[in-house]
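All the letters of the sequence shown, read from the start, carry residue numbers -21 to -1, 1 to 157 under mature numbering (1 follows the signal peptide of the UniProt record, and there is no 0). Think of the CB as a built atom: it goes at the ideal place given N, C-alpha and C, for glycine as much as any other residue. What follows is a short report on a single structure.
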Amino acid sequence: MKKIVLSLLLLTGLSVVTAKAQMEAAQKVIYDVNKDATISMPQDEAWDILNKAELLQKASNGYATAIVVTDANFPVEREVTFADGTKRKETIKQVDKQYKFMVIQLGTEWLPKGVKEAEICVFTKDKDAKCEINWKAKIKGNAEGKKALMEKITAEFESYALGFEKLTKKSIPAMRMN
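Rendered as C-alpha coordinates:
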(Lines of atoms letter the chains of each structure in order from A and count residues from 1; the text may use other names and numbers.)
(Lines give C-alpha, C1' and ligand atoms only; values in the text may rest on other atoms or scores of the structure.)
Protein backbone atom coordinates (compact mmCIF):
# COMPACT_ATOMS: atom_id res chain seq x y z
CA MET A 1 0.00 0.00 0.00
CA LYS A 2 2.86 2.35 0.83
CA LYS A 3 4.31 1.77 -2.63
CA ILE A 4 1.02 2.73 -4.31
CA VAL A 5 0.68 5.93 -2.27
CA LEU A 6 4.33 6.81 -2.89
CA SER A 7 3.90 6.19 -6.64
CA LEU A 8 0.81 8.42 -6.73
CA LEU A 9 2.63 11.20 -4.88
CA LEU A 10 5.57 10.93 -7.25
CA LEU A 11 3.31 11.09 -10.34
CA THR A 12 1.42 14.07 -8.90
CA GLY A 13 4.71 15.86 -8.18
CA LEU A 14 5.95 15.26 -11.72
CA SER A 15 2.67 16.59 -13.14
CA VAL A 16 3.06 19.80 -11.15
CA VAL A 17 6.67 20.24 -12.34
CA THR A 18 5.61 19.62 -15.98
CA ALA A 19 2.71 22.07 -15.72
CA LYS A 20 4.98 24.73 -14.20
CA ALA A 21 7.53 24.26 -16.99
CA GLN A 22 4.80 24.63 -19.61
CA MET A 23 3.50 27.80 -17.96
CA GLU A 24 6.99 29.30 -17.96
CA ALA A 25 7.40 28.44 -21.66
CA ALA A 26 4.07 30.11 -22.43
CA GLN A 27 5.18 33.44 -21.00
CA LYS A 28 4.41 36.52 -23.05
CA VAL A 29 6.73 37.05 -26.00
CA ILE A 30 8.63 40.33 -25.90
CA TYR A 31 9.04 41.79 -29.37
CA ASP A 32 11.90 44.03 -30.49
CA VAL A 33 9.77 46.16 -32.84
CA ASN A 34 6.09 47.05 -32.40
CA LYS A 35 3.82 49.16 -34.58
CA ASP A 36 0.09 49.51 -33.96
CA ALA A 37 -2.33 51.29 -36.27
CA THR A 38 -6.10 51.60 -36.33
CA ILE A 39 -7.30 51.54 -39.92
CA SER A 40 -10.68 52.85 -41.09
CA MET A 41 -11.71 49.65 -42.85
CA PRO A 42 -13.30 46.40 -41.73
CA GLN A 43 -10.97 43.67 -40.49
CA ASP A 44 -11.89 41.36 -43.39
CA GLU A 45 -10.76 43.94 -45.96
CA ALA A 46 -7.50 44.62 -44.13
CA TRP A 47 -6.89 40.86 -43.85
CA ASP A 48 -7.58 40.50 -47.59
CA ILE A 49 -4.89 43.11 -48.34
CA LEU A 50 -2.38 41.46 -46.02
CA ASN A 51 -2.87 38.12 -47.80
CA LYS A 52 -2.68 39.19 -51.43
CA ALA A 53 0.80 40.09 -52.65
CA GLU A 54 -0.32 42.67 -55.21
CA LEU A 55 -2.53 44.47 -52.67
CA LEU A 56 0.10 44.31 -49.94
CA GLN A 57 2.62 45.87 -52.30
CA LYS A 58 0.20 48.78 -52.86
CA ALA A 59 -0.27 49.07 -49.10
CA SER A 60 3.51 49.39 -48.62
CA ASN A 61 3.32 53.04 -49.73
CA GLY A 62 6.22 52.55 -52.15
CA TYR A 63 8.49 50.83 -49.64
CA ALA A 64 8.13 47.51 -51.48
CA THR A 65 8.23 47.69 -55.27
CA ALA A 66 7.31 44.03 -55.75
CA ILE A 67 6.01 41.13 -53.68
CA VAL A 68 6.10 37.85 -55.58
CA VAL A 69 4.84 34.52 -54.27
CA THR A 70 7.47 31.98 -55.33
CA ASP A 71 5.74 28.94 -53.82
CA ALA A 72 2.04 29.13 -52.98
CA ASN A 73 2.04 25.79 -51.15
CA PHE A 74 2.08 26.15 -47.39
CA PRO A 75 4.39 27.33 -45.92
CA VAL A 76 4.14 30.11 -48.51
CA GLU A 77 7.43 31.40 -49.90
CA ARG A 78 7.67 34.90 -51.32
CA GLU A 79 10.25 37.45 -52.35
CA VAL A 80 9.95 41.15 -51.53
CA THR A 81 11.85 43.75 -53.54
CA PHE A 82 12.31 47.06 -51.76
CA ALA A 83 12.57 50.57 -53.20
CA ASP A 84 16.34 50.61 -52.49
CA GLY A 85 16.75 47.53 -54.74
CA THR A 86 17.37 44.99 -51.97
CA LYS A 87 15.44 41.73 -51.94
CA ARG A 88 14.23 39.63 -49.05
CA LYS A 89 13.05 36.04 -49.14
CA GLU A 90 10.48 35.20 -46.51
CA THR A 91 8.30 32.30 -45.48
CA ILE A 92 4.77 32.67 -44.18
CA LYS A 93 4.98 29.86 -41.67
CA GLN A 94 1.76 30.37 -39.75
CA VAL A 95 -1.64 31.74 -40.80
CA ASP A 96 -4.74 31.75 -38.67
CA LYS A 97 -7.74 32.69 -40.79
CA GLN A 98 -10.16 32.61 -37.88
CA TYR A 99 -8.23 35.04 -35.68
CA LYS A 100 -6.59 36.74 -38.67
CA PHE A 101 -2.90 36.74 -37.83
CA MET A 102 0.25 35.46 -39.52
CA VAL A 103 3.88 34.76 -38.73
CA ILE A 104 6.57 35.41 -41.34
CA GLN A 105 10.12 34.04 -41.07
CA LEU A 106 12.68 36.33 -42.75
CA GLY A 107 15.32 34.78 -44.98
CA THR A 108 18.79 34.75 -43.42
CA GLU A 109 20.53 36.14 -46.55
CA TRP A 110 18.82 39.52 -45.96
CA LEU A 111 19.66 39.78 -42.28
CA PRO A 112 22.47 42.09 -41.15
CA LYS A 113 25.70 40.59 -39.83
CA GLY A 114 25.20 39.41 -36.26
CA VAL A 115 21.51 38.57 -36.65
CA LYS A 116 20.77 34.84 -36.63
CA GLU A 117 17.00 34.84 -37.04
CA ALA A 118 14.07 37.23 -37.38
CA GLU A 119 10.34 36.91 -37.75
CA ILE A 120 7.47 39.29 -38.24
CA CYS A 121 4.05 38.74 -36.72
CA VAL A 122 0.99 40.57 -38.03
CA PHE A 123 -2.11 40.58 -35.85
CA THR A 124 -5.47 42.10 -36.77
CA LYS A 125 -8.40 42.85 -34.52
CA ASP A 126 -11.92 44.04 -35.32
CA LYS A 127 -12.57 47.35 -33.63
CA ASP A 128 -16.06 48.81 -34.30
CA ALA A 129 -16.01 48.69 -38.14
CA LYS A 130 -12.32 49.55 -38.07
CA CYS A 131 -9.31 47.29 -37.89
CA GLU A 132 -6.42 47.42 -35.50
CA ILE A 133 -3.27 46.06 -37.13
CA ASN A 134 -0.27 45.17 -34.99
CA TRP A 135 3.05 44.58 -36.72
CA LYS A 136 5.67 43.02 -34.45
CA ALA A 137 9.17 41.66 -35.00
CA LYS A 138 11.31 39.32 -32.94
CA ILE A 139 15.03 39.39 -33.67
CA LYS A 140 17.77 37.05 -32.40
CA GLY A 141 21.34 38.23 -32.60
CA ASN A 142 23.92 40.63 -31.25
CA ALA A 143 23.11 44.22 -30.27
CA GLU A 144 24.68 45.87 -33.33
CA GLY A 145 22.95 43.59 -35.83
CA LYS A 146 19.61 43.85 -34.00
CA LYS A 147 19.82 47.65 -34.00
CA ALA A 148 20.40 47.76 -37.77
CA LEU A 149 17.54 45.37 -38.47
CA MET A 150 15.22 47.15 -36.04
CA GLU A 151 15.74 50.38 -38.00
CA LYS A 152 14.86 48.66 -41.31
CA ILE A 153 11.82 46.90 -39.92
CA THR A 154 10.59 50.02 -38.12
CA ALA A 155 10.73 51.94 -41.41
CA GLU A 156 8.87 49.09 -43.15
CA PHE A 157 6.12 48.96 -40.51
CA GLU A 158 5.73 52.76 -40.58
CA SER A 159 5.39 52.62 -44.36
CA TYR A 160 2.68 49.95 -44.16
CA ALA A 161 0.75 51.90 -41.51
CA LEU A 162 0.85 55.02 -43.70
CA GLY A 163 -0.02 52.99 -46.80
CA PHE A 164 -3.05 51.40 -45.14
CA GLU A 165 -4.19 54.84 -44.00
CA LYS A 166 -3.93 56.11 -47.60
CA LEU A 167 -5.93 53.10 -48.81
CA THR A 168 -8.79 54.04 -46.49
CA LYS A 169 -9.16 57.22 -48.51
CA LYS A 170 -9.63 55.13 -51.67
CA SER A 171 -12.44 52.76 -52.48
CA ILE A 172 -11.23 49.24 -51.73
CA PRO A 173 -13.23 47.66 -54.62
CA ALA A 174 -11.78 50.23 -57.02
CA MET A 175 -8.27 49.53 -55.70
CA ARG A 176 -8.70 45.79 -56.35
CA MET A 177 -9.51 46.43 -59.98
CA ASN A 178 -6.31 48.48 -60.56
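Check: Please specify which runs of the alpha helix (DSSP H), each continuous and at least 4 residues long, are wholly inside the stretch 112 to 152, giving them in chain order.; Outcome: 122 to 147
Check: Kindly indicate which residue of K117, E144, S138 has the alpha-carbon position closest to the one of K7.; Outcome: K117
Check: Quick one, are the C-beta atoms of V55 and A43 less than 8 angstroms apart?; Outcome: no
Check: What is the rounded straight-line gap between the Cα of A26 and the Cα of K79?; Outcome: Checking the sequence shown, residue 26 turns out to be Trp, not Ala. Cα-Cα distance, rounded: 7 angstroms.
Check: What is the DSSP secondary structure of D63, counted as helix, strand or coil?; Outcome: coil
Check: Where A138 and S39 are concerned, what is the direct C-alpha to C-alpha distance, given to the nearest angstrom?; Outcome: Per the sequence shown, the amino acid found at residue 138 is Ser instead of Ala. Spanning the two alpha carbons is a distance of roughly 6 angstroms.
Check: Once the 5 residues before and after I83 are set aside, which same chain residues still bring their CB inside 8 angstroms of it?; Outcome: E69, T70, I71, K72, E98, I99, C100, V101
Check: Measure the C-alpha to C-alpha separation of Y10 and A127 and round it to an integer number of angstroms.; Outcome: 15 angstroms
Check: With a Cβ-Cβ cutoff of 8 angstroms, do E111 and D23 count as a contact?; Outcome: no
Check: If you measure from the beta carbon of T147 to each beta carbon in chain D, is any gap under 8 angstroms?; Outcome: Note that chain D does not occur in the displayed structure, where there is just one protein chain.
Check: So the beta strand (DSSP E) K31 belongs to, where does it begin and stop?; Outcome: Run containing K31: none; DSSP gives neither H nor E here.
Check: Within 10 angstroms of the Cβ of G142, are there 16 or more other Cβ atoms? Answer buried if so, exposed if not.; Outcome: buried
Check: I'd like to know whether the C-beta atoms of G93 and N121 end up nearer to each other than 8 angstroms.; Outcome: yes
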